[in-house]
Amino acid sequence: MISVSFSVSRVKATYNEDNVKAMRDDDRLLSATQLLNGQALRIDHIGAVLLRAKIDRPVKTSFGVMRERPALIVEMTERSGCTGYGEIWCNFPSYGAEYKAHLLVNEFAAALAGFAFSDPFQLYRFLQSKFEILALQCGDCGALSQIIAGIDQAAWDCFGRLAGKSISQIFGADGHFIPAYASGIHPADVEEIVPKALEAGYQAAKVKVGFSQKTDAEGLWRARHLLGEGRRLMADANQGWRSVEQALDAVNRLGDCALDWIEEALPADRKEEEWKALKSGTEIPLAGGENLPTTARLARFHAAKIFDFIQPDIGKIGGFSGLLNIFSGRLKQGVVYCPHWLGGGLGLAASAHLLNIIGGSGLLEVDMNENPLRDQMGIWQAVPDISGKVAVPSAAGIGLIPDYSQLQQAGIKITRLG
55 MISVSFSVSR
65 VKATYNEDNV
75 KAMRDDDRLL
85 SATQLLNGQA
95 LRIDHIGAVL
105 LRAKIDRPVK
115 TSFGVMRERP
125 ALIVEMTERS
135 GCTGYGEIWC
145 NFPSYGAEYK
155 AHLLVNEFAA
165 ALAGFAFSDP
175 FQLYRFLQSK
185 FEILALQCGD
195 CGALSQIIAG
205 IDQAAWDCFG
215 RLAGKSISQI
225 FGADGHFIPA
235 YASGIHPADV
245 EEIVPKALEA
255 GYQAAKVKVG
265 FSQKTDAEGL
275 WRARHLLGEG
285 RRLMADANQG
295 WRSVEQALDA
305 VNRLGDCALD
315 WIEEALPADR
325 KEEEWKALKS
335 GTEIPLAGGE
345 NLPTTARLAR
355 FHAAKIFDFI
365 QPDIGKIGGF
375 SGLLNIFSGR
385 LKQGVVYCPH
395 WLGGGLGLAA
405 SAHLLNIIGG
415 SGLLEVDMNE
425 NPLRDQMGIW
435 QAVPDISGKV
445 AVPSAAGIGL
455 IPDYSQLQQA
465 GIKITRLG
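Per this note's numbering: the sequence shown = residues 55 to 472.
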């Protein structure tokens, strides 16, 4: 087994002075440098594995419908033969996964051929710089950021597997279980899905809204009745309300449902002043962050405490490196980190590690919709116990190696590129 290392001075250079102090106080960086000792990695190959699963019931949101479940896996093989895996967000548009797969195995694989790096932060900085101009040229910052996030996960997975440590162990996160909540519930399906969630052990659930006043209200009220007063209920508008006035009207109509938070009550591109106006107009805590376009904007929203529950998606933006750079092992007072994830099982496992590392009272999002790419991805699954907690993956790296044989047996279409 090849051991790997961080360069202490190199890693510290990626943070500003306050962030370095926060990480030092939290012992996360110290733990990482102590556990990873040895030689750098050199990339031999970058490949993409595109997975598509048929589903019986489409997943409906206020902005679109998923008729299949896709997943896009990054495979990063380094010179020792070790392969690390990461997952790129690819739910929308319908064939966005194919587009990103071709970007990965052409533009990104060419840029990374033979690339050597001493830690994943260095690789992340290189990719941010390398593709900055291409992002401006093609006007597609989102796709490029999502691919970088998946590559970063694969790099961390590879480092962890070579070191024989899980991502959580690398950063000194000792937790073995994290609370989770049932997500992705359409208001028309509350009667069917919420009892299943309770039977599975979940103590919290999130219902999608942003459809119509009647549909939203009936779904949330029924969910509250089924959950009872002792369990948590959240709502996700999926950017369905376009103005502060429309959002306030809708949010305040739902206030009596005892919501823990209202998520994405405005489109992600709205100005901070608009979000602040919304926050001052309701007592319901605000959640969001999954669709903020850059890590810089995410950092500003975190610093300004726009969201009470901040929810970046590890497969959309930042990966481990970018998000740890922002949160630095220490959240702003009064802010809770709850990772967004509605993809395959690999990204869910990565999200579990990141939540465990960042800490706080956040919950892991587990989609209740049919998804063989979550349930058949590999050995680890986010199955809650009777208290609604799931086990953090304990194997090396992210702790979940895609089981393509199992996926194929489950009828999943598998396409390899690169």
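Heads up, the beta-carbon is just placed ideally off N, CA and C, and yes, glycines get one too. Treat the numbers as computed from the prediction; the structure is a model and nothing was measured.
**OP:** Tell me M120's beta-bridge partners as DSSP assigns them.
**Re:** V113
**OP:** Please report the residue range of the beta strand (DSSP E) in which L287 lies.
**Re:** 286–290
**OP:** Output the residue ranges of the alpha helix (DSSP H) runs that lie fully inside the stretch 337–402 and measure 4 residues or longer, sorted by chain position.
**Re:** 349–357, 373–381
Original post:
Going by alpha carbons, who is nearest to L418 out of L427, P366, S448?
Top reply: P366
**OP:** Tell me where the alpha helix (DSSP H) around I552 begins and ends.
**Re:** Because the chain spans 55 through 472 in this model, residue 552 falls outside it and cannot be assessed.
Original post:
Mind checking A164: buried by the 16 CB within 10 Å criterion, or exposed?
Top reply: exposed
**OP:** Provide the residue(s) that pair with T269 in DSSP beta bridges, ordered along the chain.
**Re:** Looking at the DSSP assignment, T269 forms no beta bridge with any residue, so it has no partner.
Original post:
Of the choices L105, Q267, Q191, Y235, whose alpha-carbon is the least far from that of V305?
Top reply: Q267
Subject >> Helix, strand or coil at V261 according to DSSP, with G and I counted as helix >> reply: strand
Original post:
Cβ of S220 within 7 Å of Cβ of G432?
Top reply: no
Original post:
Around the Cβ of C192, are there at least 16 other Cβ atoms within 10 angstroms (buried) or fewer (exposed)?
Top reply: exposed
Subject >> Range of the contiguous alpha helix (DSSP H) that encloses Y139 >> reply: Where Y139 is concerned, there is no enclosing alpha helix (DSSP H), although the beta strand (DSSP E) it sits in stretches over 137–142.
Original post:
Would you call G138 buried or exposed, if buried means 16 or more other Cβ atoms sit within 10 Å of its Cβ?
Top reply: buried
Original post:
Under the rule that 16 or more other beta-carbon atoms within 10 Å means buried, what is V473, buried or exposed?
Top reply: Look at the range of the chain in this structure, 55 to 472, and you will see that residue 473 is not part of it.
Subject >> Length-filtered (4 minimum) alpha helix (DSSP H) runs lying within the stretch 154–199 >> reply: 163–166, 174–184, 186–192
Original post:
Smallest Cα separation from D314: which of G397, N292, L302, E337?
Top reply: E337
**OP:** Kindly indicate which three-state DSSP category L408 falls into: helix, strand or coil?
**Re:** helix
Original post:
Which residue or residues does DSSP assign as beta-bridge partners of L95?
Top reply: F171
**OP:** Please state whether DSSP places P438 in a helix, a strand or coil.
**Re:** coil
Original post:
Do the stretch 449–466 and the stretch 143–157 make contact, defined as three or more Cβ pairs closer than 8 Å?
Top reply: no
Original post:
Which two residues bound the contiguous alpha helix (DSSP H) that contains P426?
Top reply: 426–429
Original post:
Going straight from the alpha carbon of C212 to that of G451, what length do you get?
Top reply: 6 Å
Original post:
Is DSSP giving P233 helix, strand or coil here?
Top reply: strand
Subject >> Closest residue to R324 among V159, P339, Q293 (Cα-Cα distance) >> reply: Q293
Subject >> Nearest candidate by alpha-carbon position, reference H394, set G343, Q463, K386 >> reply: G343
Subject >> E299, enclosing beta strand (DSSP E) - first and last residue >> reply: Run containing E299: none in the beta strand (DSSP E); it sits in the alpha helix (DSSP H), 298–307.
**OP:** Could you tell me whether the stretch 399–412 touches the stretch 428–444, using the rule of 3 or more Cβ pairs below 8 Å?
**Re:** yes
**OP:** Over the uninterrupted beta strand (DSSP E) stretch that includes L461, give me the two end residues.
**Re:** No beta strand (DSSP E) contains L461, which is instead part of the alpha helix (DSSP H) from 458–463.
Original post:
Would L287 be called buried (16 or more neighbouring beta carbons within 10 Å of its own) or exposed?
Top reply: buried
Original post:
Using DSSP with H/G/I as helix, E/B as strand and the rest coil, what is R276?
Top reply: helix
Original post:
In terms of residue numbering, what span does the alpha helix (DSSP H) encompassing K467 cover?
Top reply: Note, K467: premise wrong, no alpha helix (DSSP H); beta strand (DSSP E) at 467–471.
Original post:
Quick one, are the C-beta atoms of S382 and P174 less than 7 Å apart?
Top reply: no
**OP:** Leaving aside the five residues before and after L427 along the sequence, list all residues of the same chain whose C-beta is less than 6 Å from its C-beta, in chain order.
**Re:** L105, A107, R123, A125, G398
**OP:** State yes or no: is the C-beta of L332 within less than 7 Å of the C-beta of A301?
**Re:** yes
Original post:
Can you check whether the CB of I239 is closer than 7 Å to the CB of M120?
Top reply: no
**OP:** Specify whether the stretch 240–250 and the stretch 220–231 touch according to this definition: at least 3 beta carbon pairs, one from each stretch, less than 8 Å apart.
**Re:** no
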